[in-house]
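Protein sequence lines correspond, in order, to chains Z and P. Numbering of the first sequence is given in numbering that gives the first Met the number 0, commencing with residue 0 and proceeding in unit increments. Numbering of the second sequence is given in numbering that gives the first Met the number 0, commencing with residue 0 and proceeding in unit increments. So the structure is just underneath, and the comments pick up after that.
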Amino acid sequence: MSIQEAGKSSHPLNVIVATDCGSTTTKAILIEKVDNEYRQTYRGEAPTTVEAPFEDVTRGVLNAIAEIEELSGRKILDGEKILTPNRAAQGDPRTGVDIYISTSSAGGGLQMMVTGVVQNMTGESAQRAALGAGAIVIDVLASNDGRLPHEKIERIRTMRPDMILMSGGTDGGAVTHVVEMAEYIAAAEPRPRFGATYKLPLIYAGNKDAQGQVKHILGEKAALEVTDNIRPVLERENLAPARNKIHDLFLEHVMQQAPGYKKLIDMTGAPIMPTPAAVGVIMETIARRDHLNLIGVDIGGATTDVFSVFEGVFNRTVSANLGMSYSISNVLAEAGLANIMRWVPFTIDEQTLRNRIKNKMVRPTTIPQTLDELQIEQAIAREALRLALIHHKSLATGLKGVQQERTISDVFEQQTSGKTLIDMLKLDLIVGSGGILSHAPRRVQSMVMMVDAYEPLGFTRLSVDSIFMMPHLGVLSTIDEKAATDVFVRDCMVYLGTCVAPIGQGKDGERCADYEIMFSDGKVVKDQLTFGELRLFPLALNQKATMTMQPAKQVNLGAGPGTPVTREVQGGVVGLMLDGRGRPLQLPADQLARVAALTKWFSAVGLYPTANKNVEF
Amino acid sequence: MAHSYTPGLTVTDCAVIWRRRQLPLPGTVLVKAGDRVQSNQPVARAELPGKVYPLNLANQLGVAPDEIKEYLIKKEGDAVQKGEILAENKPLIKWFKTEIRSPVTGKVESLSTVTGQVLLREPPRVLELLGYVDGTIVEIHPNQGVTVETTCSLVQGIFGIGGETSGELVVAVTSPDEALMPTHLKPDMKGKIVVGGSFLSAETMAKAKEIDVAGLVVGGIHDKDLRTLLGYDLGVAITGTEQVGFTLILTEGFGTIPMAQKTFALLSAHTGEKASISGATQIRAGVIRPEIIIPRRAGSLTGISTALPERDGIQIGDPVRIIRDPLFGKIGEVSALPSDLQKIPTESEVRVLEVKFADGSRAVIPRANIEVIEGS
Numbered sequence: 000m001s002i003q004e005a006g007k008s009s010h011p012l013n014v015i016v017a018t019d020c021g022s023t024t025t026k027a028i029l030i031e032k033v034d035n036e037y038r039q040t041y042r043g044e045a046p047t048t049v050e051a052p053f054e055d056v057t058r059g060v061l062n063a064i065a066e067i068e069e070l071s072g073r074k075i076l077d078g079e080k081i082l083t084p085n086r087a088a089q090g091d092p093r094t095g096v097d098i099y100i101s102t103s104s105a106g107g108g109l110q111m112m113v114t115g116v117v118q119n120m121t122g123e124s125a126q127r128a129a130l131g132a133g134a135i136v137i138d139v140l141a142s143n144d145g146r147l148p149h150e151k152i153e154r155i156r157t158m159r160p161d162m163i164l165m166s167g168g169t170d171g172g173a174v175t176h177v178v179e180m181a182e183y184i185a186a187a188e189p190r191p192r193f194g195a196t197y198k199l200p201l202i203y204a205g206n207k208d209a210q211g212q213v214k215h216i217l218g219e220k221a222a223l224e225v226t227d228n229i230r231p232v233l234e235r236e237n238l239a240p241a242r243n244k245i246h247d248l249f250l251e252h253v254m255q256q257a258p259g260y261k262k263l264i265d266m267t268g269a270p271i272m273p274t275p276a277a278v279g280v281i282m283e284t285i286a287r288r289d290h291l292n293l294i295g296v297d298i299g300g301a302t303t304d305v306f307s308v309f310e311g312v313f314n315r316t317v318s319a320n321l322g323m324s325y326s327i328s329n330v331l332a333e334a335g336l337a338n339i340m341r342w343v344p345f346t347i348d349e350q351t352l353r354n355r356i357k358n359k360m361v362r363p364t365t366i367p368q369t370l371d372e373l374q375i376e377q378a379i380a381r382e383a384l385r386l387a388l389i390h391h392k393s394l395a396t397g398l399k400g401v402q403q404e405r406t407i408s409d410v411f412e413q414q415t416s417g418k419t420l421i422d423m424l425k426l427d428l429i430v431g432s433g434g435i436l437s438h439a440p441r442r443v444q445s446m447v448m449m450v451d452a453y454e455p456l457g458f459t460r461l462s463v464d465s466i467f468m469m470p471h472l473g474v475l476s477t478i479d480e481k482a483a484t485d486v487f488v489r490d491c492m493v494y495l496g497t498c499v500a501p502i503g504q505g506k507d508g509e510r511c512a513d514y515e516i517m518f519s520d521g522k523v524v525k526d527q528l529t530f531g532e533l534r535l536f537p538l539a540l541n542q543k544a545t546m547t548m549q550p551a552k553q554v555n556l557g558a559g560p561g562t563p564v565t566r567e568v569q570g571g572v573v574g575l576m577l578d579g580r581g582r583p584l585q586l587p588a589d590q591l592a593r594v595a596a597l598t599k600w601f602s603a604v605g606l607y608p609t610a611n612k613n614v615e616f
Numbered sequence: 000m001a002h003s004y005t006p007g008l009t010v011t012d013c014a015v016i017w018r019r020r021q022l023p024l025p026g027t028v029l030v031k032a033g034d035r036v037q038s039n040q041p042v043a044r045a046e047l048p049g050k051v052y053p054l055n056l057a058n059q060l061g062v063a064p065d066e067i068k069e070y071l072i073k074k075e076g077d078a079v080q081k082g083e084i085l086a087e088n089k090p091l092i093k094w095f096k097t098e099i100r101s102p103v104t105g106k107v108e109s110l111s112t113v114t115g116q117v118l119l120r121e122p123p124r125v126l127e128l129l130g131y132v133d134g135t136i137v138e139i140h141p142n143q144g145v146t147v148e149t150t151c152s153l154v155q156g157i158f159g160i161g162g163e164t165s166g167e168l169v170v171a172v173t174s175p176d177e178a179l180m181p182t183h184l185k186p187d188m189k190g191k192i193v194v195g196g197s198f199l200s201a202e203t204m205a206k207a208k209e210i211d212v213a214g215l216v217v218g219g220i221h222d223k224d225l226r227t228l229l230g231y232d233l234g235v236a237i238t239g240t241e242q243v244g245f246t247l248i249l250t251e252g253f254g255t256i257p258m259a260q261k262t263f264a265l266l267s268a269h270t271g272e273k274a275s276i277s278g279a280t281q282i283r284a285g286v287i288r289p290e291i292i293i294p295r296r297a298g299s300l301t302g303i304s305t306a307l308p309e310r311d312g313i314q315i316g317d318p319v320r321i322i323r324d325p326l327f328g329k330i331g332e333v334s335a336l337p338s339d340l341q342k343i344p345t346e347s348e349v350r351v352l353e354v355k356f357a358d359g360s361r362a363v364i365p366r367a368n369i370e371v372i373e374g375s
């Protein structure tokens, strides 16, 4: 049964309740049709109850929905049941909802292990298929991954994945290596993460000529499913069949084992989706609808998901250990103290900072109470975002191992296959989601965090998810695209504004570019942007302005060094930001100079309520 | 009705707790329901399959994979000793003979005529699962393990490293705000669980390792000392398997933080008694906190059955610990619970509560930044 078929209902969808069961909290939203337009009206939140003592995910769902009931005055629950459909036809429109839908990443999400023959070819294709389906890839095994055979077997044994995806070989190619990998898996007898009583789901999506042998070797040892090869020929990836199989098995096997999910599946009117898969659906929808190249990020407590759509190609990666609470300490370990401190506009000794970060790790639900604590968290967020994008760029690539035709003109400029698809100059939109971005006290803080972390080039629009509802809308879009689009446009997406960042570097105060901004009310601003300067112009939501920029000789705005560019720029709740801090962005190495520069930039855009001072501890 | 979530750590003098002891794979349960068990007594046993060693015979003999059966000396299922000949070729001239010897002792598990490899498996390793706490077996999970019940004093820590151990409880400092210094540690503390006060330095850890104490329980440590102890920067709080010479439990957090008076008093009251501790911490996908369990001796408690109280949201008068700067580590009690959202210095609008401290002063704190000290 496809998602679309499952979601079809005999009655119109006027009132919808949707939940996202996250690892810490279950978030519920209510969507209602008002004057032929869908709007998100209320939201509720409750702790997720996958773990002891409850061990039943539906408890948290019912609690979150009960909060919506209290706030909205609508009767949705009848004991432990969700009242469907809405009783409008019976003259009681304040009772019941038409459908209940949900996404889930509780219990650590969908954890997968993937295998390939050549690590950066079929191994990467398998990784992309699993990531695109919303999984966390806990290991990639390949014939050439440098590990000895017995080390591979030991690794498979010690992993407790929810599912394995096997790939390897092109159709009609050699079967030996992929059969060898099947033998390793069989010898390791891998066991699933939840429950010892069922067989581990395993998808084979490799060389079709090896299907028989793989069935022979693994048929008895795992719940084997065979699907089309993800790399039928070197030049082409075919990820959809494997992704669909992952979704099916996620519902049939993994979800059935997680506490309370059988009940949850019965409650929902459409198949439950893994949270990142639902967010991916929304990102793809935005890019397709507006013909955009975009980067989306969902920065959570444990993981950071990055999505991109460039020239219609969708990619998703998850940085499993980069996050703002459970994994905050790992951001420090990976980024290094100096990289975090470069964003902090005061001095603080290393020991105090390290202890504070560890205390956040062991008490992940706490929030910054003072301004300096907020600034430290936002500094860490910049680094988590930056590292997750680096990770994403390394995997969102063209296919590796593909033969390229070269002409004489390529002699001086040969590019290897597998180049990253992420081109920051062609990027139209950055979409931010997750607590630290969605709930920043000032929206400008979200904008500056993303600008600092991603260093967008040229003209780039930025937005955030207002209250974290992209997962809900992702699953909703699979059953009612209009409802999802309505809510997305009106209540979910908050456009922050546009960042204009010339490429090039210069000394502070040197000319970077001359600019002229023509606002829609006829007002014209003409001025010069100098290096080391950050400026913010008010340009409200739904307003546009025409901007002409004449960059300095060595400075590029996308059309070439020194070449002027005229573009229409769009406003947002923050406005139009001109970033003359140089690309690549460089911060002063000297501590005092750095603090002074940060303080200048932060006050130029009104980032924080008061002027910063050195904080003594 | 949903209510705001306030995490809490249990510190209680009397509770009945159950600990499920589970084998990593099916095995044999060694005890029966109703048995009294000791912490160091095996309650179940399993055989962990031996390591697998693949060996590509076809490559080594220089033959096609589907021909390897003709060269095998040992067949599938046969036992082999390390160095024994597994396969050999039969050339016309003896000098060209190739013998493939087994790199391990075990058995020939399987062979493949597609890849030309044999899989050798080492003998299984016996794994014994211990009782962990002194108590009574209340449930048998056939082939999986048991549940042990014990009536005990229970202290949950906030973070720990190292696995399960047990030993006599000894308090080495005189007050909860006194740091545990190397001079506090004496040779007779070997194998014991030593309770310190507010802080544990790297020097004290080194001394603890030297003396070979079983466990250390303190208020706080510096992150840099943890890094030195582990040899790496701990990125994600999933612990319990570290081997640093002792099990370490922090009751408050990172930094110099006096141990909560209630915790210190409880542990002090049980000096000389046997305790079971575990440093295992997991702060994601199922919270596991480190714990100190001091079972009541048989007969010392009659007719009392105290399950952990179920808490229904935070209430005025609840003892709380502030768990975020600027008042991190301070302990007080809830004096007001305003329901409206309030703007805090970060400009966020959040639910708050008022805490009254022992000196009579009060502070308004976001509800997310306090922790209830649970237990009676």
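For every residue, glycine included, the Cβ atom is placed at its ideal position computed from N, Cα and C. Since the structure is predicted, the reported quantities are computational estimates derived from the model, not experimental observations.
State the DSSP-derived secondary structure class of residue i, mapped to helix, strand or coil.
i, result
"Z:Lys525", "strand"
"P:Gln116", "strand"
"P:Leu307", "Legend: pLDDT at P:Leu307 = 49, less than 50; position of this residue unreliable, value from coordinates given subsequently. Correct three-state label for P:Leu307: coil."
"P:Trp94", "helix"
"Z:Gln549", "strand"
"P:Phe263", "helix"
"P:Thr203", "helix"
"Z:Gly457", "strand"
"P:Pro64", "helix"
"P:Asn55", "strand"
"Z:Pro46", "strand"
"Z:Arg381", "helix"
Which word fits residue i, buried or exposed, when buried means at least 16 other C-beta atoms lie within 10 angstroms of its C-beta?
i, result
"P:Ile315", "exposed"
"P:Thr345", "buried"
"Z:Asn320", "buried"
"P:Asn58", "exposed"
"P:Gly302", "In this predicted model, P:Gly302 has a pLDDT of only 40, less than 50, meaning its place in the structure is not dependable; the value taken from the coordinates is given anyway. By the 10 Å Cβ count, P:Gly302 comes out exposed."
"Z:Phe487", "buried"
Going by the beta-carbon positions, is the gap between residue i and residue j smaller than 8 angstroms?
i, j, result
"Z:Pro191", "Z:Leu201", "no"
"Z:Tyr41", "Z:Ala482", "no"
"Z:Ile630", "Z:Thr102", "With chain Z covering only 0 through 616, there is no way to say anything about residue 630 of chain Z."
"P:Ser275", "P:Ser165", "yes"
"Z:Leu130", "Z:Arg315", "yes"
"P:Ile157", "P:Gly252", "yes"
Along the chain, where does the beta strand (DSSP E) containing residue i start, and where does it finish?
i, result
"P:Arg44", "Pro41 to Leu47"
"P:Val363", "Arg361 to Pro365"
"Z:Tyr260", "Per DSSP, Z:Tyr260 belongs to no beta strand (DSSP E); it is in the alpha helix (DSSP H), Tyr260 to Met266."
Would you mind reading off the limits of the alpha helix (DSSP H) that contains residue i?
i, result
"Z:Ser104", "Neither: Z:Ser104 is in no alpha helix (DSSP H) and is coded neither H nor E."
"P:Ile136", "It is not in any alpha helix (DSSP H) - P:Ile136 instead sits in the beta strand (DSSP E) that spans Gly134 to His140."
"P:Gly159", "Careful: P:Gly159 lies outside any alpha helix (DSSP H), inside the beta strand (DSSP E) at Phe158 to Ile160."
"Z:Tyr183", "Thr175 to Ala187"
"Z:Asp289", "Thr274 to Asp289"
"Z:Pro148", "Pro148 to Thr157"
Residues of chain Z with a CB under 8 angstroms from the CB of residue i: which are they?
i, result
"P:Glu138", "Here the premise fails: no neighbours, minimum Cβ distance about 15 angstroms."
Cβ closer than 8 angstroms: which chain P residues qualify as neighbours of residue i?
i, result
"Z:Val174", "Val113"
Listing by chain order, which chain P residues have their CB less than 9 angstroms from the CB of residue i?
i, result
"Z:Leu140", "Those within 9 angstroms of Z:Leu140 in chain P number zero; the least Cβ separation is about 14 angstroms."
Can you pull the chain P residues whose beta carbon is under 7 angstroms from the beta carbon of residue i, in chain order?
i, result
"Z:Val361", "Ile157, Phe158, Ala236, Gly252 and Ile282"
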